[in-house]
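Asks: Numbering (our numbering), first residue to last: 8 to 491. From the three backbone atoms N, C-alpha and C, an ideal C-beta is built for every residue, glycine too.
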Amino acid sequence: MFKIFLKTVAAANLIGLAAADPIPIVPDRVRLGPRASACTPQAGRSSSVDDVPAIQAAIKACPSGTIVIPSDQTYHINSQLSFAGCSGCTFELNGELLASTDFGYWNGRGEIIYLQNIRGATITGSGTINGNGQASWDYIITNTSYKRPYLIRVDGSTNIKMSEITIKNAPSFHVVTSGNSKDVVYSGLTLYSVSSSSNIAHNTDGFDIGPASYVTVENTKITNDDDCVVLKPGASYVTTTGVTCVGSHGLSIGSLSGGAGSNDIVTNSIFKDCTMIGSTKAAGIKYYPGGSTHGTGSISNVTWQDITCDTCDYAIQISTCYMSTPAACSANPSTGKISGVVFSGFSGTTSGHYKDVVANMDCSVGGTCGIKIEDFTVTAPSGESEVLCAHTPNNLGVFPNSTRPSPVMSRNPEQKTRPVANVVSLMISMIIVGDDLMVVSDPASEAVEKRLAVGSGEQAHISPGMTSVGNRRSIMGSWTGPPI
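1. In the DSSP assignment, find the alpha helix (DSSP H) that holds residue 145 and state where it starts and stops.
2. Give the C-beta separation of residue 288 and residue 313 to the nearest angstrom, bearing in mind that I take them to be a contact with Cβ-Cβ under 8 Å.
3. Alpha carbon to alpha carbon, what distance is there between residue 361 and residue 284?
4. Taking the runs of the beta strand (DSSP E) that are 3 residues or longer, which of them lie wholly in the region 204–229?
5. If you count every other CB in all the chains shown that lies within 10 Å of the CB of residue 160, and 16 or more means buried, which is it?
6. Exposed or buried, which one is residue 67 when buried takes at least 16 other CB atoms within 10 Å?
7. In the DSSP assignment, find the alpha helix (DSSP H) that holds residue 161 and state where it starts and stops.
8. In chain order, what residues of the same chain lie with their CB nearer than 7 Å to the CB of residue 272, ignoring the 5 residues before and after it?
9. What do you reckon, are the CB atoms on residue 77 and residue 65 nearer than 7 Å?
10. Restricting to runs no shorter than 4 residues, where is the alpha helix (DSSP H) found entirely within the region 308–388?
11. Could you name the residues of the same chain whose beta carbon sits closer than 6 Å to that of residue 180, not counting the 5 residues immediately before and after it, in chain order?
12. Among 308, 301, 263, whose alpha-carbon lies nearest the alpha-carbon of residue 494?
13. Relative to the ligand NAD, is the shortest distance from any of its heavy atoms to the C-beta of residue 233 smaller than 6 Å?
14. Counting along the chain, where does the alpha helix (DSSP H) carrying residue 60 start and finish?
15. By Cβ distance below 6 Å, which residues in the same chain neighbour residue 385 in space, the five residues on each side in sequence not counted?
16. Alpha carbon to alpha carbon, how far is residue 222 from residue 393? Give it in angstroms, no decimals.
17. What would DSSP say about residue 112, mapped onto helix, strand or coil?
18. Bridge partners of residue 296, per DSSP?
19. Leaving aside the five residues before and after residue 307 along the sequence, list all residues of the same chain whose C-beta is less than 7 Å from its C-beta, in chain order.
20. From 404, 358, 300, 318, pick the residue whose C-alpha is nearest to that of residue 340; which is it?
21. Taking the alpha-carbon positions, what's the residue 162 to residue 98 distance?
22. Would you report the Cα separation of residue 220 and residue 237, rounded to the nearest angstrom?
23. Between which two residues does the beta strand (DSSP E) harbouring residue 194 extend?
24. Sorted by chain position, which residues of the same chain lie with C-beta nearer than 7 Å to residue 146's C-beta, five sequence neighbours on each side aside?
25. Using DSSP with H/G/I as helix, E/B as strand and the rest coil, what is residue 249?
26. Which class does residue 235 belong to by DSSP, given the choice of helix, strand or coil?
27. Can you give me the C-alpha to C-alpha distance between residue 178 and residue 142, rounded to a whole angstrom?
28. Where in the region 73–126 do unbroken runs of the alpha helix (DSSP H), each at least 4 residues long, occur, reported from the N-terminal end onward?
29. Quick check on residue 296: buried or exposed, where buried means 16 or more other Cβ atoms within 10 Å of its Cβ?
30. For residue 5, list the residues DSSP reports as bridge partners.
31. Compute the Euclidean distance between the alpha carbons of residue 259 and residue 369, then round it to the nearest angstrom.
32. Tell me the DSSP secondary structure of residue 287 in three-state form.
33. Starting from residue 397, trace the beta strand (DSSP E) both ways and give me its first and last residue.
34. Would DSSP call residue 128 helix, strand or coil?
35. When we look at the beta-carbon of residue 52 and count the other beta-carbons within 10 Å, is it buried (16 or more) or exposed?
36. What residues match up with residue 280 in a beta bridge as DSSP calls it?
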């Protein structure tokens, strides 16, 4: 990190002006406005010139003023850019900040731009922060130990606002909010990281939030190849509204409980009025399994409301066996708790990637699954709608009795409007329950499906021993279904 120290002396000692009018001495590459209310660092105009020292000098010269990046200039970020010294400053970005591709320097560096322990800062304008990520996405394929930097980190800071700018080509995550930051607003931004080669822009999360509180992401478009907005351990009072996500892995929580002995908590947050286009899932929760190498966690009072799905693979996915195998999760099921979680007002169509399945709610036998679904009308391209459930509550509320084409997991189109049980609480996600049948795998006979008729008032009993189909988990015990 470059450290630049500015000195202020009386102008009378320098150029014969009145002693009451001090003029700060700053590097030649910073131009100051009257009383240092505005500072414009001079660009070196060459990729071989690091413009970070000039920018940081401008921030320190105008700690509560405006730092101007002109619209016709590119500033080369060849070293970490710190906002140290900013105290209520406005960073008016109309040009471009372009990160270098010096892998030796950036390896393990953490982040390219960071606001650490800042008490008030605004970053706004019509300009661009360009992380030059394509080079990293290609480089890491053959250099797997390379630790890519985040593009921007807000850490331990308060009263931060970032608006209107474009943030693109992040080597790794675009924007990280951590260190118990508070009162942070991201508004009207455009995030874009899409690979032009066969190497995908992996791990380019849009917004990673936590530990942090009172964070808002609003009216923003994110195009990437990983989570769109994700709440990490310690996230609370996060509001995500009016966001459009393209090609992402969804509006997510987690992963949680990844570290041994950890107790990861996410609470009191909402995702609202968002559009999900071509995402692997629109909404998701990710828990690691239990056991000595992992921890536990708690998700409470979180709502996804009025979410539009446009060719998403899943509308909702709850995974409690993240980055593990069915056998490992059966031996050490997740102990993560879920309570007060609501999925409300989901509409649209899935991609058909999972055929008629539009959601997979695989809660853990070792945790809790306090979830509720309201006004869910998502369908597959076929017009059908199946939901896979494991250990979900008896009052899940996915499929109220209705005369409209129901998203009940029906395989009999003639009986779509027949009244059915509101919910099905399962011990295994591979079971599909419909009007008068259940479908499970039957590896003993090597059949893909086994249909069991269930008459009115009867119950079905499935013995243990059946294994999994695809990524669906094995039955962990006998199951008794409610009357249909």
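Replies: The answer reads as follows:
1. 140–149
2. Rounded, the Cβ-Cβ distance is 17 Å, inconsistent with contact.
3. 16 Å
4. 214–216, 219–225
5. buried
6. buried
7. Residue 161 -> not in any alpha helix (DSSP H); beta strand (DSSP E) instead, spanning 157–162.
8. 240, 241, 304, 305
9. no
10. 333–338
11. 157, 212, 215
12. Any answer about residue 494 is impossible in this case: the structure gives the chain only from 8 up to 491.
13. By its list of ligands, the structure shown contains no ligand whatsoever, and the ligand NAD lies outside what it can speak to.
14. 59–68
15. 316, 322, 353, 355, 365
16. 35 Å
17. helix
18. Per DSSP, none; premise fails for residue 296.
19. 274, 346, 347
20. 300
21. 17 Å
22. 13 Å
23. 188–194
24. 110, 153
25. coil
26. coil
27. 8 Å
28. 110–113
29. buried
30. There is no way to answer for residue 5, as the model of the chain reaches only from 8 to 491.
31. 15 Å
32. coil
33. 393–397
34. strand
35. exposed
36. Answer by DSSP bridge pairing: none, since residue 280 is not bridged.
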